[in-house]
Amino acid sequence: MIKRLLRRFIARPDFPATAPDSPFFAVGDIHGRADLLHRFLDTKPTHPVICVGDYVDRGDHSADVLRMLHARPDIICLSGNHEEMMLDFLTAPERSGPRWLRYGGLQTLASFGVAGVTDSSGAEALSNARDQLQTAMGADLLEWMRAMPTLWQSGNVAVVHAAASPARNMEEQRTATLHWGHPHFTKAQRTDGIWVIHGHTIVDAAHIENGRIAIDTGAYATGRLTVALIEPGITTFQTITSFK
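Its first residue numbered 0, the sequence shown is counted upward by one per residue in numbering that gives the first Met the number 0.
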């Protein structure tokens, strides 16, 4: 089932309306919900699609999500903090593995057919799991993940995973901020007129507030994946569910 909610915004003296160069879709955090991603792609979106990151962990089908997106070079996939943790595990399993596995990495490993490890496993078991995951993913998928951008912008609308510092230009944003958040992101409005679309923080319903558009509706837990269609002055939220 797909529900649509139209939101139209009139420019205010202190903040302009959304003005992308052309319409586009922004997809919220997927977290292993390949079924919801597939349902959205089945609608055959007629505008560019930008995903905000967090394709892996928590949901049961992270491998399918990654492979589905990798097979669609027309879709722009930003990296999120969960992709960062997964890649850190692949680089240094003993140091980074326990944290990743506590935050959903176990489900991602299982989706690639890797078992026999927990967040309390020793160095040898973690290294073995890393080796199995690398083999299951293959070089092309790994290279694609490592090359994911952290930010995308069209006109006065930027798409990031978690947040952007209100005090920095978009081209000066730090990866840690884009992936993990910023203490002033929801407290201070930008002064450059740039709208920021983001996921990362689960909200009950997608919403717009002070130049921010939040679209993470917790797909892995709620069964609701939010997609926003951004047009000049208009935002349309679509809720993709597994219900007919």
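For every residue, glycine included, the Cβ atom is placed at its ideal position computed from N, Cα and C.
Reduced DSSP secondary structure (H/G/I, E/B, other) of residue i
{"i": "I229", "result": "strand"}
{"i": "I9", "result": "Because the pLDDT of I9 is 42, which lies under 50, any placement of that residue in the model is unreliable, and the number read from its coordinates should be weighed accordingly. Residue state, collapsed to three classes: coil."}
{"i": "S153", "result": "strand"}
{"i": "A18", "result": "coil"}
{"i": "T235", "result": "strand"}
{"i": "A162", "result": "coil"}
{"i": "H37", "result": "helix"}
{"i": "R145", "result": "helix"}
{"i": "R189", "result": "coil"}
{"i": "L100", "result": "helix"}
{"i": "L224", "result": "strand"}
Rounded distance between the beta-carbons of residue j and residue i, thought under 8 Å
{"i": "V51", "j": "A25", "result": "6 Å"}
{"i": "R129", "j": "F88", "result": "6 Å"}
{"i": "E82", "j": "M147", "result": "6 Å"}
{"i": "T149", "j": "S78", "result": "6 Å"}
{"i": "L132", "j": "L108", "result": "6 Å"}
{"i": "P22", "j": "I229", "result": "6 Å"}
Terminal residues of the beta strand (DSSP E) in which residue i lies
{"i": "A25", "result": "F23 to V26"}
{"i": "S241", "result": "Premise fails: S241 is in no beta strand (DSSP E) and is neither H nor E."}
{"i": "V48", "result": "V48 to C50"}
{"i": "A213", "result": "R211 to A213"}
{"i": "I29", "result": "That residue, I29, is in no beta strand (DSSP E); it is neither H nor E in DSSP."}
{"i": "V195", "result": "W194 to H197"}
Delimiting residues of the alpha helix (DSSP H) encompassing residue i
{"i": "S126", "result": "A122 to M136"}
{"i": "A220", "result": "A218 to T221"}
{"i": "A175", "result": "T174 to W179"}
{"i": "E83", "result": "N80 to T90"}
{"i": "H69", "result": "S61 to H69"}
{"i": "A109", "result": "L105 to S110"}
Best match in the options for proximity to residue i [C-alpha to C-alpha]
{"i": "I196", "options": "V158, Q172, G232 and R167", "result": "V158"}
{"i": "H178", "options": "T221, R167 and A161", "result": "A161"}
{"i": "P15", "options": "Y102, V156 and S120", "result": "V156"}
{"i": "T200", "options": "L224, L77, A213 and S95", "result": "A213"}
{"i": "S119", "options": "T176, S153, G96 and R223", "result": "G96"}
{"i": "T216", "options": "A204, A227, L108 and A128", "result": "A204"}
{"i": "A18", "options": "V226, T134, R223 and G210", "result": "G210"}
{"i": "A122", "options": "V226, L40, S78 and E93", "result": "E93"}
{"i": "S110", "options": "E230, R32 and S78", "result": "R32"}
{"i": "P231", "options": "T225, Q237, G154 and T176", "result": "G154"}
{"i": "I75", "options": "A138, T117 and Q152", "result": "Q152"}
{"i": "R57", "options": "N80, A163 and Y102", "result": "Y102"}
{"i": "A138", "options": "R38, D34, L86 and P44", "result": "L86"}
{"i": "A187", "options": "T42, A163 and Q172", "result": "A163"}
Separation of residue j from residue i, as counted between CA atoms
{"i": "P165", "j": "G192", "result": "11 Å"}
{"i": "T221", "j": "P47", "result": "26 Å"}
{"i": "V113", "j": "E170", "result": "38 Å"}
{"i": "T190", "j": "A62", "result": "40 Å"}
{"i": "G104", "j": "D20", "result": "37 Å"}
{"i": "E142", "j": "T235", "result": "33 Å"}
{"i": "V202", "j": "G115", "result": "34 Å"}
{"i": "L40", "j": "R167", "result": "34 Å"}
{"i": "L36", "j": "H60", "result": "11 Å"}
{"i": "G198", "j": "D53", "result": "9 Å"}
{"i": "L100", "j": "T238", "result": "29 Å"}
{"i": "V226", "j": "G27", "result": "6 Å"}
{"i": "Y219", "j": "V55", "result": "10 Å"}
{"i": "R223", "j": "S241", "result": "8 Å"}
{"i": "T90", "j": "L125", "result": "11 Å"}
{"i": "L65", "j": "G180", "result": "23 Å"}
{"i": "F184", "j": "W194", "result": "12 Å"}
{"i": "H30", "j": "D73", "result": "20 Å"}
Cutoff 8 Å: residue i Cβ touching any chain C Cβ
{"i": "T225", "result": "No chain C is present in this structure, which holds just one protein chain."}
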